[in-house]
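Here is the structure we will look at.
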Amino acid sequence: MEGDPLSSTLRSARHAPLGLPTPLASGRGSGTSRTRRARQRASFQVTRVLRFCYGHRLLHYPGKCRHLHGHNARVEIELSSKKLNRLGMAVDFEKIKQKIQAWLDAELDHTMILHEKDPWVKILRAQNEPCLALKTNPTAENLAKLIYDYARGRGLPVTEVRLWETPHSRASYRRNE
Ligand SMILES: [Zn+2]
0 MEGDPLSSTL
10 RSARHAPLGL
20 PTPLASGRGS
30 GTSRTRRARQ
40 RASFQVTRVL
50 RFCYGHRLLH
60 YPGKCRHLHG
70 HNARVEIELS
80 SKKLNRLGMA
90 VDFEKIKQKI
100 QAWLDAELDH
110 TMILHEKDPW
120 VKILRAQNEP
130 CLALKTNPTA
140 ENLAKLIYDY
150 ARGRGLPVTE
160 VRLWETPHSR
170 ASYRRNE
């Protein structure tokens, strides 16, 4: 097989230095600058899953979600980094949990999350029941954004937050930068 021209072509292509254009890839345009652009776009992603339970209802919604009800939310917090640290990590999974889970537990877990104009806000507060009033309807989309904004505010390089309201329904928020 040593002299097999096909296998030696494949071998040389596979062993071409990483990041440099192979003879087959060179041609019109600059393969090197294409590679550099691709490398600038490339990044590592890590995702930490966190969970919390919450109650809510949607104002002005015609379906049954207009009634008070609850969900077991699964939150996926995706972070990106162009580089790895000296341990080979984009972001430490534990750091994500430490920065976000305590806030989720204190602010959202076992809390009724409502629109600020919902009459239940006053009633629940009068009863000392945990209630968070938002300027928006407490949909999975708005909760994903709420968590995204909090994580960003804590300095985490979040690229997307996905919130599973049920095992079948997921909303996500990402800011295109
Ligand atoms: Zn719901």
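The opening position of the sequence shown corresponds to residue 0 in numbering that gives the first Met the number 0, with each subsequent residue numbered one higher. Glycine residues also receive a C-beta, built at the ideal position from the N, C-alpha and C atoms. Because the structure is a prediction, the values reported are computed rather than measured.
In angstroms, rounded to a whole number, what distance separates the CA positions of residue 163 and residue 139?
Counted from its first residue, the sequence shown places residue 163 at position 164. Counted from its first residue, the sequence shown places residue 139 at position 140. So the alpha carbons of these two residues sit roughly 7 Å apart.
What residue from 119, 78 and 146 has the CA that sits closest to residue 170's CA?
Walking along the sequence shown from the start, residue 170 turns up at place 171. Out of 119, 78 and 146, 146 has the C-alpha closest to the C-alpha of residue 170.
From residue 102 to residue 33, what does the alpha carbon distance come to, in whole angstroms?
The residue you call residue 102 lines up with position 103 of the sequence shown. The residue you call residue 33 lines up with position 34 of the sequence shown. Cα to Cα, residue 102 sits roughly 43 Å from residue 33.
Check for me: the beta strand (DSSP E) holding residue 157 runs from which residue to which?
On the sequence shown, position 158 is the one that residue 157 refers to. Segment 157-165, the beta strand (DSSP E) holding residue 157.
Only counting the same chain, and skipping five residues up and downstream in sequence, which positions put a Cβ closer than 6 Å to that of residue 194?
Summary: the structure shown does not reach residue 194, with the chain confined to residues 0 through 176, and so no result is reported for it.
Any heavy atom of ligand 1 closer than 7 Å to the CB of residue 128?
Within the sequence shown, the letter at position 129 stands for residue 128. Answer for residue 128: no, Cβ out of range of ligand 1.
Between which two residues does the alpha helix (DSSP H) harbouring residue 101 extend?
Within the sequence shown, numbered from 1, the residue matching residue 101 stands at position 102. Here the alpha helix (DSSP H) through residue 101 covers 92-102.
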